[in-house]
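Trainee:
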Amino acid sequence: MRDVQLAEVPVGNSVRAVAVISALTVTPGRVRLVLDDERGGSAVVGIDSAKVMAAFRAAGFPPRVGAQVEVTGVVAAPIAHLPKSVFASSIRVVA
């Protein structure tokens, strides 16, 4: 796949992206991340909170804005006034 902005990935396609967390919200069982990629694209990512906690525990620090992560998932239709959504199946802390 060519290097594209998160916002350019078509709905329904699988995606693997390395991006920086610009916002995060934790709710029971889920984490919502806003990720910004180096090409200027953004996506709202929903993922199981246990996967997020395990990834950050392995990295040695808690989830935080500014951390770089790699996520894989499927692109969903955007919610009004928000960037594209990604239903993530995995997450790994890069830096």
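Per the numbering used here, the very first residue in the sequence shown carries number 5; after that it's consecutive. Idealized CB from N, CA, C, for every residue including glycine. Because the structure is a prediction, the values reported are computed rather than measured.
Where are the beta strand (DSSP E) runs, 3 residues long or more, that stay fully inside the segment 29-78, in chain order?
Mentor: Taking only runs of at least 3 residues, the beta strand (DSSP E) segments lying wholly in the segment 29-78 are 34-40, 46-52.
Trainee: DSSP three-state label for Ala11, please.
Mentor: In the structure shown, Ala11 sits in a helix (DSSP, three-state: H, G or I).
Trainee: Would you tell me roughly how many angstroms separate the C-alpha atoms of Val13 and Val79, rounded to the nearest one?
Mentor: If you take the alpha carbons of Val13 and Val79, they lie about 7 Å apart.
Trainee: In its own chain, which residues sit with a C-beta less than 8 Å from the C-beta of Leu28, not counting the 5 before and 5 after it?
Mentor: Contacts found: Val35, Arg36, Leu37, Val38, Pro67, Arg68, Val69.
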